[in-house]
Amino acid sequence: MFQWLNRRFQLQEHQTTWKREVTAGLTAFFTSAYILLVNPMILKDAGIPLSAGVMATIAISVFGCIWMAFGANAPIILIPGMGVNAFFSYTIVQGSGLSWQQALGAVTVSGVLFFLAAVSPLGNRLVTAVPPSLKHGITAGIGLFLTFIGLQKGELIQPSPTTFVALGDFGHPVVLSTLAGLMVTLFLFIRNTKGSLLFGILFTSLISASLIGITGEAALPDPRDYGQVFASAEFNLREIPFWIAAFSMTMIVLFENMGLLSGILPDPRKFNRAYKATAISTFASGLLGTSPAIASAESAAGIAEGGKTGIPALVTSMLFALSFAALPIIGMIPENAVAPVLIVIGGLMVKSVQEIPFSDFSEGFPAFLIIAGIPLTSSIVDGLAFGFITYPLLKAAAGQAKQVPPLVYGISVLFLLNWIVSTVTVH
93 MFQWLNRRFQ LQEHQTTWKR EVTAGLTAFF TSAYILLVNP MILKDAGIPL
143 SAGVMATIAI SVFGCIWMAF GANAPIILIP GMGVNAFFSY TIVQGSGLSW
193 QQALGAVTVS GVLFFLAAVS PLGNRLVTAV PPSLKHGITA GIGLFLTFIG
243 LQKGELIQPS PTTFVALGDF GHPVVLSTLA GLMVTLFLFI RNTKGSLLFG
293 ILFTSLISAS LIGITGEAAL PDPRDYGQVF ASAEFNLREI PFWIAAFSMT
343 MIVLFENMGL LSGILPDPRK FNRAYKATAI STFASGLLGT SPAIASAESA
393 AGIAEGGKTG IPALVTSMLF ALSFAALPII GMIPENAVAP VLIVIGGLMV
443 KSVQEIPFSD FSEGFPAFLI IAGIPLTSSI VDGLAFGFIT YPLLKAAAGQ
493 AKQVPPLVYG ISVLFLLNWI VSTVTVH
């Protein structure tokens, strides 16, 4: 068995060792384990039961990492993506009015579209057609959206009848525990502590328990809970909002996966196989009951430890499977415990704004509309629509209409049609 694994993962060809690869896998897991707590909390806002969301998160993480390990032999871990999970819960379900079952159907369809793009030139054409300014605007806008959600969950902000949003009560125990957790999380993160986000969640939970008491309760995992979401996707193929959701999700996973894999894969020759593995995992996500799994930025932590083969992904998958034993205590984690993680991740994503050429108004302003539109409308689709519809209009006004790729015109028309149909339906 050991010799077969040596040959399968080609350790000698990669000039690496088992110790180095396993260490990389351990590092990648503890860096990304926070997703076991954060993703189910976000899925819960879509109506998916918490315990079922945890089991779905574990299932797709195990599946995705194993597929990446043996299908691409790459040190990339696949877990539910931050940002696209917010899109799932707050835009598709709460914003567009689709049920979470229909949202899972949109995930499955986006996986099919993603795979077709991954095995054909279409995916590369789509990614290269969308202007970099809009891509960076999407990343920054989603980052602000995650930060806004984190501030809400931590009660650092609250609704206001006069100003829409106001500062929270800084004397409230929930706010105090959130602030303490945020400070500790930031300190650990700045110090490059492995597992800083996970430790931040646990610390915030302890502080909340000491100030408020334990609000949740431990419970043994019940497979019947997972039966509520497993293979429960519904396909509303005759409705435009369903296709808008599936297409928008496809764009998000295309951009995120291509950008991350291009940036951190130690061996560029593995890109095509790794890209197909992410597409297959997106498809499986809808069937397993969660938002799409994507190539995680936390993979970089394992690569920094020397990971070169698929062994880190295999080790990570095994640890995710073992984490099923921790399911009873996850119900005891308070909702505000994930707030610091959402705020920190949001801050990391907003860094993309520095790549936007604001000196060119026809490039910068559409990106700005995306950045502002996503959090202010609480809808990633509507934020994208602002930018994609405005971009060709400004380019045409500047006499640069021919510089806009045909695909961008097509995307703009789709978003415009969605707005028209939504308006007609409401009235």
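According to my numbering, the residues represented by the sequence shown are 93 to 519, in order. Backbone N, C-alpha and C define an ideal beta-carbon position, used for all residues, glycine too. What you are looking at is a predicted structure, and each value in this text was computed from that prediction instead of being measured.
Restricting to Cα atoms, I'd like to know which of the options is closest to residue i.
i, options, result
"Gly287", "Val222, Val433, Pro467, Gly203", "Val433"
"Ala418", "Leu294, Gly351, Asn349", "Leu294"
"Ile528", "Ala490, Ala125, Leu208, Phe206", "Nothing about residue 528 can be reported from this structure: the residues present for the chain run from 93 to 519 only."
"Glu326", "Ala148, Val276, Leu128, Leu379", "Leu379"
"Met222", "Ala459, Ala116, Leu289, Ile403", "The residue you asked about is not Met; residue 222 is Val in the sequence shown. Val222 has its Cα closest to that of Ala459, out of Ala459, Ala116, Leu289, Ile403."
"Pro404", "Ala301, Thr123, Leu259", "Thr123"
"Gln320", "Phe279, Gln102, Gly145", "Gly145"
"Thr374", "Thr149, Ala138, Gln104", "Thr149"
"Phe262", "Glu247, Gln95, Met147, Pro420", "Glu247"
"Val176", "Leu486, Gly465, Phe237, Gln492", "Phe237"
"Ala51", "Pro265, Thr254, Ser377", "With the chain covering only 93 through 519, there is no way to say anything about residue 51."
"Ile336", "Ile140, Ala116, Leu509", "Leu509"
"Thr515", "Phe179, Glu105, Ile332", "Ile332"
"Ser377", "Met424, Met133, Cys157, Leu259", "Cys157"
"Leu352", "Tyr367, Ala338, Arg361", "Tyr367"
Out of curiosity, what's the CA-to-CA distance linking residue i and residue j?
i, j, result
"Glu427", "Thr183", "20 Å"
"Val345", "Ser451", "29 Å"
"Ser252", "Lys245", "16 Å"
"Asn165", "Ile234", "30 Å"
"Phe480", "Gly439", "24 Å"
"Ser409", "Phe416", "12 Å"
"Leu118", "Phe507", "43 Å"
"Thr63", "Thr231", "Outside the displayed range of the chain (93 to 519) lies residue 63, so it cannot be described from this structure."
"Gly189", "Ser340", "15 Å"
"Met441", "Ile463", "11 Å"
"Asp359", "Val219", "21 Å"
"Ser202", "Phe291", "33 Å"
"Leu129", "Phe101", "31 Å"
"Ile299", "Phe281", "19 Å"
"Trp96", "Thr401", "14 Å"
"Ala151", "Ala490", "50 Å"
"Leu205", "Leu303", "48 Å"
"Arg99", "Ala120", "23 Å"
"Met343", "Gly399", "29 Å"
"Thr277", "Leu289", "6 Å"
"Phe279", "Leu461", "33 Å"
"Ala116", "Lys494", "48 Å"
"Gly242", "Ile437", "10 Å"
"Leu274", "Phe478", "32 Å"
"Gly394", "Ile127", "16 Å"
"Thr285", "Val154", "24 Å"
"Ala272", "Ala431", "11 Å"
Given that a residue counts as buried once 16 or more other Cβ atoms are within 10 Å of its Cβ, and exposed if not, what is residue i?
i, result
"Glu455", "buried"
"Val267", "buried"
"Val257", "exposed"
"Trp159", "buried"
"Phe453", "exposed"
"Val544", "Given a span of 93 to 519 for the chain in the structure shown, any question on residue 544 remains unanswerable."
"Arg112", "buried"
"Pro213", "exposed"
"Glu390", "buried"
"Trp192", "buried"
"Ser297", "buried"
"Gly502", "exposed"
"Ile169", "buried"
"Leu208", "exposed"
"Ile512", "exposed"
"Gln194", "buried"
"Pro167", "buried"
DSSP on residue i, reduced to helix/strand/coil?
i, result
"Pro467", "helix"
"Ser383", "coil"
"Ser373", "helix"
"Ser212", "coil"
"Pro172", "strand"
"Ile140", "coil"
"Val222", "coil"
"Val433", "helix"
"Pro333", "helix"
"Ile293", "helix"
"Ala258", "strand"
"Ser252", "strand"
"Phe281", "helix"
"Glu326", "coil"
"Glu105", "coil"
The ligand MN and residue i: does the residue's C-beta get closer than 7 Å to at least one heavy atom of that ligand?
i, result
"Tyr182", "Although the ligand MN was asked about, the structure shown includes no ligands whatsoever."
Cβ of residue i less than 8 Å from any chain C Cβ?
i, result
"Leu190", "Checking the listed chains, one finds no chain C in this structure; it contains a single protein chain."
Quick test of your reading: residue i and residue j, contact by CB under 8 Å. State the CB separation rounded to the nearest angstrom.
i, j, result
"Thr370", "Asn349", "5 Å"
"Gly163", "Arg365", "6 Å"
"Gly187", "Ser471", "4 Å"
"Tyr318", "Met147", "4 Å"
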